[in-house]
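In my numbering, the protein residues as written are 3 to 209.
The C-beta atom is built at its ideal place from N, Cα and C for all residues, glycine as well.
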Amino acid sequence: MSNSVVSSEATTNSHEEIAKRAAAAFWHCEPKDTFAQSLSALYPWLHKHSIFLVKNIKHVKILVVVSQEGVATPFPSANAIGPLNGLLESENIQLPDSLSPEKLSSAIRAFTLGPGGFVASPSFWDAQQRSLKMWTTRDPTGGPALFHKYCQNPVLSREGQHWKLDFYYFNDKGGVEKWSASGDAREVLDIDSSPAAPDGTFVFPYG
Numbered sequence: 003m004s005n006s007v008v009s010s011e012a013t014t015n016s017h018e019e020i021a022k023r024a025a026a027a028f029w030h031c032e033p034k035d036t037f038a039q040s041l042s043a044l045y046p047w048l049h050k051h052s053i054f055l056v057k058n059i060k061h062v063k064i065l066v067v068v069s070q071e072g073v074a075t076p077f078p079s080a081n082a083i084g085p086l087n088g089l090l091e092s093e094n095i096q097l098p099d100s101l102s103p104e105k106l107s108s109a110i111r112a113f114t115l116g117p118g119g120f121v122a123s124p125s126f127w128d129a130q131q132r133s134l135k136m137w138t139t140r141d142p143t144g145g146p147a148l149f150h151k152y153c154q155n156p157v158l159s160r161e162g163q164h165w166k167l168d169f170y171y172f173n174d175k176g177g178v179e180k181w182s183a184s185g186d187a188r189e190v191l192d193i194d195s196s197p198a199a200p201d202g203t204f205v206f207p208y209g
């Protein structure tokens, strides 16, 4: 095995431990009571950071981003937009063009409210056909049509130097959220979310 591969694996392992310690400090628990999973494959635009989904023994979860220098930042934070913009700037992301509307939607939701769920889209509808019966357990008759109603692509619009992004998000509590975000080329300026379908409308089929 080459030295570069060994170094890469060592970095991943050390960053995982850093992420666990940061999450433990956030929750006031011991690092041994946390579990970390790398999500780098889901965020390929993060070139200068590692990202981990960290859970505790109560199954509460947060995202922890670790820089190349080993500095850990838990997400979400009290100042939701600020850390997100800092991360985007450090990765030299030009908004909104550096990310697809779906990836930008995912980042906005995950880094400001937390992980757990999926950005809605027609491709998400297609991918959920095998799980649709579980999703719609509470309303087998009308549930599929309601589920399909929200499976719309994120809509990106522009006006001058500013952009606006509207999207739906299926959360892990069985609800659907309606999101609207706006900004310019440098940063996200405003975010708003509201329930489109209340939690418990669907049954989230994933652990």
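- Message: For Ala-187 and Gln-163, which I take to be in contact (beta-carbon distance under 8 Å), what is that distance rounded to the nearest angstrom?
- Response: 7 Å
- Task: Pair every Cβ in the region 111 to 121 with every Cβ in the region 64 to 78, then say whether three or more of these pairs are closer than 8 Å.
- Result: yes
- Task: Following the continuous beta strand (DSSP E) through Glu-126, name the residue where it begins and the one where it ends.
- Result: Residue identity differs from the one stated: residue 126 is Phe in this sequence, not Glu. Counting along the chain, Phe-126 falls outside any beta strand (DSSP E), though it belongs to the alpha helix (DSSP H) covering 124 to 129.
- Would you call Val-73 buried or exposed, if buried means 16 or more other Cβ atoms sit within 10 Å of its Cβ? exposed
- Limits of the unbroken beta strand (DSSP E) element including Lys-166: 164 to 173
- DSSP three-state assignment for Asp-35, whether helix, strand or coil: helix
- Message: Let's see if you can read the secondary structure: which residues bound the alpha helix (DSSP H) around Thr-114?
- Response: 103 to 114
- Message: Using the Cβ count rule (16 or more neighbours within 10 Å means buried), how would you classify Lys-50?
- Response: exposed
- Task: Determine the extent of the alpha helix (DSSP H) in which Trp-181 is found, giving its start and end residues.
- Result: Not the alpha helix (DSSP H): Trp-181 falls in the beta strand (DSSP E), residues 178 to 185.
- Query: Where in the region 73 to 98 do unbroken runs of the alpha helix (DSSP H), each at least 4 residues long, occur, reported from the N-terminal end onward?
  - Reply: 83 to 92
- Message: What does the Cβ neighbour count give for Glu-179, buried or exposed, with the cut at 16 atoms within 10 Å?
- Response: buried
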